[in-house]
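**Q** Numbering (the working numbering), first residue to last: 1 to 273.
Where a beta carbon is used, it is the ideal one built from N, C-alpha and C, also for glycine.
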Amino acid sequence: MAQHAGVGEQWDLAGKVAVVTGGSSGIGKAVAEALVQEGARVVVADLQEPTSPELKSSAIVFSKCDVTRAEDIAAAIATAKKKWGRFDIMVNNAGISGGLGFAFPFQQSAAVWRKVVDINLTAVIEGTQQAICAMADNEKGGVVINVSSMGGLLPMPQSPVYAAAKAGVVNFTRSLAAFGKSNGIRVNAICPTFTDTPLVRESPDEVVEGLKRAIGGSLLTPPEVARGVVELATDPGLAGAVMRVTVRGGRDLWQPSTAPSPKSAKSHVAARL
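1. According to the neighbour-count rule (16 or more other Cβ atoms, all chains shown, within 10 Å of its Cβ), is arginine 69 buried or exposed?
2. Would you say the region 170 to 185 touches the region 227 to 235, given that touching needs at least three Cβ pairs under 8 Å?
3. Use the C-beta contact count for threonine 173: other C-beta atoms within 10 angstroms, 16 or more gives buried, fewer gives exposed.
4. Buried or exposed: which applies to glutamine 130, given that a residue is buried once 16 or more other Cβ atoms fall within 10 Å of its Cβ?
5. According to DSSP, what are the bridge partners of proline 254?
6. CB valine 44 to CB leucine 35, shorter than 8 Å?
7. Hey, quick one: how far does the beta strand (DSSP E) through aspartate 46 stretch, first residue to last?
8. Looking only at its chain, what residues have a beta carbon closer than 6 Å to the beta carbon of asparagine 92, apart from the 5 residues adjacent to it on each side?
9. For isoleucine 89, report the span of its beta strand (DSSP E) as first-last.
10. Assuming cysteine 191 contacts arginine 244 (C-beta within less than 8 Å), just tell me the rounded distance between them.
11. Taking the straight line between their C-alpha atoms, what separation do you get for glutamine 48 and alanine 78?
12. Taking the CB atoms as reference points, tell me whether alanine 241 and leucine 253 lie closer together than 8 Å.
13. With distances taken from CA atoms, which of Ala14, Tyr162, Val19 and Asn188 is nearest valine 117?
14. Note the first and the last residue of the continuous alpha helix (DSSP H) segment covering arginine 86.
15. How far does the alpha helix (DSSP H) with isoleucine 60 in it reach, from first residue to last?
16. Assign serine 159 to one of two classes, buried (16 or more other C-beta atoms within 10 Å of its C-beta) or exposed (fewer than that).
17. Which two residues bound the contiguous beta strand (DSSP E) that contains asparagine 171?
18. Compute the beta-carbon to beta-carbon distance between lysine 16 and isoleucine 96, rounded to the nearest angstrom, for a pair I have assumed lies under 8 Å.
19. Please state whether DSSP places valine 67 in a helix, a strand or coil.
Here's what the structure looks like:
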């Protein structure tokens with residue numbers, strides 16, 4: 001992936017309104033905090049209401065959300081519009097690991113691995129589609145950030161279904177590059193390596209230590225990932241971009257070449273309705 005400096009004036013987040021799924025803890029919490037620091041207001045869409053004092057702010061409201069339910073995603077977006085009269089940013093962050101380990105991968109029941117796909121991929125597609133429809137009439141467009149993983153770029157023998165779902169997020173996002181350029185609704189993805197979140201900490205100690213050794217001795221922190229999300233949101237030259245975040249290499253970007261533009265966002269909204 002080549003470095004990309006971005007072009008044009010920065011997309012100012014001050015006054016913008018975001019929905020962050022899985023925003024009560026981990027990366028989602030750090031993203032919500034970072035957006036508020038940039039002047040945005042945030043709907044935290046999660047199953048669990050945030051308890052952290054950092055998320056107790058007049059710029060943050062909670063919407064109970066199971067991302068496998070399309071109506072819950074719609075309700076979170078509706079909360080943003082009702083509370084602040086606009087909706088500009090969607091961060092599809094909610095995810096589960098399904099368990100990390102080096103046992104035979106399909107010792108998991110079908111219900112477990114299907115849930116990994118439902119939350120980590122299907123819900124991202126649904127959230128992106130709903131966000132684009134809701135942003136179609138925005139005068140200055142909007143942005144969707146899909147949280148993938150380095151597991152979406154590289155094989156993960158310890159969790160192949162997780163890797164497959166996250167790889168789906170990467171190519172889904174890349175495939176929307178031309179759409180963003182022609183409609184002003186940009187869709188980007190971020191692929192952090194293993195990060196110090198509840199999702200990783202729920203794994204066995206020996207697995208966590210193995211992950212640390214594999215990536216240079218330490219885990220990423222959620223604020224490091226959140227800084228990447230802010231960069232993807234504020235750089236108007238990034239559409240269909242994929243940001244890799246690693247402990248050793250920091251942040252770098254893959255930016256797609258121009259492809260034929262699909263139909264307009266309004267045409268897609270009409271088709272969905």
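**A** In this structure, then:
1. Mapped onto the sequence shown, residue 69 falls at position 69. It is exposed - the Cβ of arginine 69 has fewer than 16 other Cβ atoms within 10 Å.
2. At 8 Å Cβ cutoff, the stretches do not touch.
3. For the purposes of this step, residue 173 is taken as residue 173 along the sequence shown, with counting starting at 1. Threonine 173 should be labelled buried.
4. As a position in the sequence shown, residue 130 is number 130, starting the count at 1. Residue environment analysis places glutamine 130 among the buried positions, since at least 16 neighbouring C-beta atoms fall within 10 angstroms of its C-beta.
5. On the sequence shown, position 254 is the one that residue 254 refers to. For clarity, residue 254 is tryptophan in the given sequence; the question names proline instead. Answer is Val242, bridged to tryptophan 254.
6. Taking the first residue of the sequence shown as position 1, residue 44 is located at position 44. Taking the first residue of the sequence shown as position 1, residue 35 is located at position 35. Contact flag unset, no.
7. For the purposes of this step, residue 46 is taken as residue 46 along the sequence shown, with counting starting at 1. Taken as a continuous stretch (DSSP letters only), the beta strand (DSSP E) holding aspartate 46 covers 41 to 46.
8. Along the sequence shown, one-based indexing puts residue 92 at 92. Its chain contains Thr21, Val124, Gly127 and Asn146 as the residues whose beta carbon lies nearer than 6 Å to that of asparagine 92, once the 5 sequence neighbours on both sides are disregarded; these appear in chain order.
9. Taking the sequence shown and counting its residues from 1, the one referred to as residue 89 is at position 89. Isoleucine 89 -> beta strand (DSSP E) spans 89 to 92.
10. In the sequence shown, the residue the question calls residue 191 occupies position 191. In the sequence shown, the residue the question calls residue 244 occupies position 244. Going by Cβ atoms, the distance from cysteine 191 to arginine 244 rounds to 5 Å, so yes, they are a contact pair.
11. One-based indexing of the sequence shown puts residue 48 at position 48. One-based indexing of the sequence shown puts residue 78 at position 78. So the two alpha carbons sit approximately 19 Å from each other.
12. The residue you call residue 241 lines up with position 241 of the sequence shown. The residue you call residue 253 lines up with position 253 of the sequence shown. Cβ distance < 8 Å, so alanine 241 and leucine 253 count as in contact.
13. As a working mapping, residue 117 is identified with position 117 in the sequence shown. Among Ala14, Tyr162, Val19 and Asn188, the Cα nearest to that of valine 117 is on Tyr162.
14. Numbered from its first residue, the sequence shown carries residue 86 at position 86. Going by DSSP, arginine 86 is part of no alpha helix (DSSP H) at all; its letter is neither H nor E.
15. The count along the sequence shown starts at 1 and reaches residue 60 at position 60. Careful: isoleucine 60 lies outside any alpha helix (DSSP H), inside the beta strand (DSSP E) at 60 to 64.
16. Counting from 1 along the sequence shown, the entry for residue 159 is found at position 159. Burial call: buried.
17. As a first step, residue 171 is located in the sequence shown; it is residue number 171 there, counting from the start. For asparagine 171, no beta strand (DSSP E) encloses it; the enclosing alpha helix (DSSP H) starts and ends at 160 to 174.
18. Position 16 of the sequence shown, counted from the first residue, corresponds to residue 16. Position 96 of the sequence shown, counted from the first residue, corresponds to residue 96. No, lysine 16 and isoleucine 96 are not in contact; Cβ-Cβ is about 28 Å, not under 8 Å.
19. Along the sequence shown, one-based indexing puts residue 67 at 67. Correct three-state label for valine 67: coil.
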